[in-house]
Amino acid sequence: KIVVIGSSNTDMVVRTSHFPEKGETVLGGEFMMNPGGKGANQAVAAARMGGEVVFVCKIGKDVFGSQSAELFEKEGIDVSYVLVDEENHSGVALITVDANAENTIVVASGANAHLFPKDISSVESIFSPEGFVLLQLEIPVETVRYIAAAAKSKGGKVILNPAPACELPDEVFSGLYMLTPNEKEASMISGVNVQDLDSAKKAAEIIYKKGVEHVIVTMGAKGALVFDGLEYVFIEAQKVVAVDTTAAGDVFNGALVVALNEGKSIIEAAEFANKASAIAVTRLGAQASAPYRGEIMEEVSK
Ligand code: ADP
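Structure, rendered in structure tokens:
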């Protein structure tokens, strides 16, 4: 089984002609309520790619949390470790989108910010020596550190998608099986301003030297760079007409972990992820845009 540990949010999106000034009320347009949160997005993407997924997260005792949990179940995700926080609300994101498709986002992390190491200790039994654990940074860093250490001590392979970009203590990196930053995150972690292949290579090398076994820098419409400490392999993005790149990275990571868990090589897995995320950017939404396995036409051979 693949263990995904991370955030679950409900995105509340309102379209508006313009953003309100301080104190102003704008009568907005269409309202959409979408399941989101990087952890949940990646868990759903992995499940749709055919992975057997256990999702560990913390929701509040409210309608948003129970709705999310229901959706996870519908996706075939094991929800035994969807924990309910009695004191804090479920994570929500308030999003406004104006006529130019610019957005403003305010996130109230709620229960996500209360997923602590003590919560994970009950889950430890699910770390298996051969298993993969996929993490992001929308839960407390101390929890990320704890999980990385716990999985390592049991032989599990931890993939950290260091999103959203934030400062991380160096101990987090040592012993990670893989780090999958986008360009902005790779820049922040390495101190190199990543904007093209050369700078991505430099950043990947610096990140590798922090103790990460494999680095994949995702580079948006350009593609992805894989570095294993010996060689660099650049995988060119698929040529598609992108309409919404939300959750491109989440679909990439979800697909990647499924392919790795099936025993595919890192390059094959990255190619598979590259195809899955290219489909996702042709569709609107976060979780909604994640493709199903059958949609990936040219399956990477084993
Ligand atoms: P994030 O969404 O985390 O910022 P990226 O923007 O790097 O991550 O996108 C992740 C992956 O999604 C890329 O490495 C690429 O494989 C794919 N991707 C993103 N944007 C496009 C695009 N416009 N066309 C094709 N593939 C894309």
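Taking the UniProt record's numbering, I'd label the letters of the sequence shown as residues 5 to 306. Glycine is no exception: its CB is placed at the ideal position from the N, C-alpha and C atoms. Small disclaimer: the values here were computed from a predicted structure and weren't measured.
For Gly245, which three-state DSSP category applies? It is worth fixing the name first, because residue 245 is Val in this sequence and not Gly. Looking at Val245 - three-state DSSP - the assignment turns out to be coil, as it is neither helix nor strand.
Going by beta carbon distance, what residues of the same chain come within less than 6 Å of Glu187, once the five residues before and after it are set aside? Val198, Met223
CA-CA distance, Ser293 and Ile270? 24 Å
Extent of the continuous alpha helix (DSSP H) run through Val57: Not the alpha helix (DSSP H): Val57 falls in the beta strand (DSSP E), residues 57-64.
Would you decide whether Asn104 is buried or exposed? Buried here means 16 or more other CB atoms lie within 10 Å of its CB. exposed
How long is the line joining the alpha carbons of Val83 and Asp202, rounded to whole angstroms? 42 Å
Let me check understanding here. Comparing Cα to Cα, which of Ala263, Tyr150, Lys243 lies closest to Met53? Ala263
Thinking just about the alpha-carbon of each residue, which of Ile220, Ser12, Ala259 is nearest to the one in Asn38? Ser12
Residue span of the beta strand (DSSP E) that contains Arg19, given as start and end: 13-19
I'd like to check one pair, Ser132 with Ala115: are the Cβ atoms closer than 8 Å? Ser132 is positioned such that its CB atom lies no closer than 8 Å to that of Ala115.
Distance cut 6 Å, beta-carbon to ligand 1 heavy atom: residue list by chain order: Spelled out in chain order, the answer is Ala167, Asn186, Thr222, Met223, Gly224, Ala225, Gly227, Ala228, Ala241, Gln242, Val244, Ala246, Thr249, Ala252, Gly253, Phe256, Asn278, Ser281, Ala282, Val285.
Unbroken alpha helix (DSSP H) run spanning Asp202, endpoints: It spans 201-213 - the alpha helix (DSSP H) in which Asp202 sits, taken as one unbroken run.
Quick one, which of Gln140, Met36, Glu171, Thr20 has its alpha-carbon nearest Ala47's? Gln140
Quick check: the Cα distance between Gly135 and Glu25, rounded to an integer number of angstroms? Roughly 50 Å separates the two Cα atoms.
Secondary structure of Lys42, DSSP reduced to three states: Three-state DSSP puts Lys42 in a helix.
So, with DSSP's three-state summary, where would you put Asn92? coil
When the Cα atoms are used, what is the spatial distance from Leu180 to Gly215? 7 Å
Beta-carbon separation of Gly40 and Thr14 under 8 Å? yes
Cα-Cα separation between Ala277 and Glu34, rounded to whole angstroms: 32 Å
Pick helix, strand or coil for Ile81, following the three-state DSSP scheme. coil
Classify Ile193: buried if its beta carbon has 16 or more other beta carbons within 10 angstroms, exposed otherwise. buried
Assign residue 3 to buried or exposed, taking buried as 16 or more other Cβ atoms, counted over all protein chains shown, within 10 Å of its Cβ. Because the chain in this structure spans residues 5 to 306, residue 3 falls outside the shown range and cannot be described.
Any idea if Asp200 is buried or exposed, counting beta-carbon neighbours within 10 angstroms, 16 or more meaning buried? exposed
DSSP puts Val137 in a beta bridge; with which residues? Beta-bridge pairing links Val137 to Val7, Val162.
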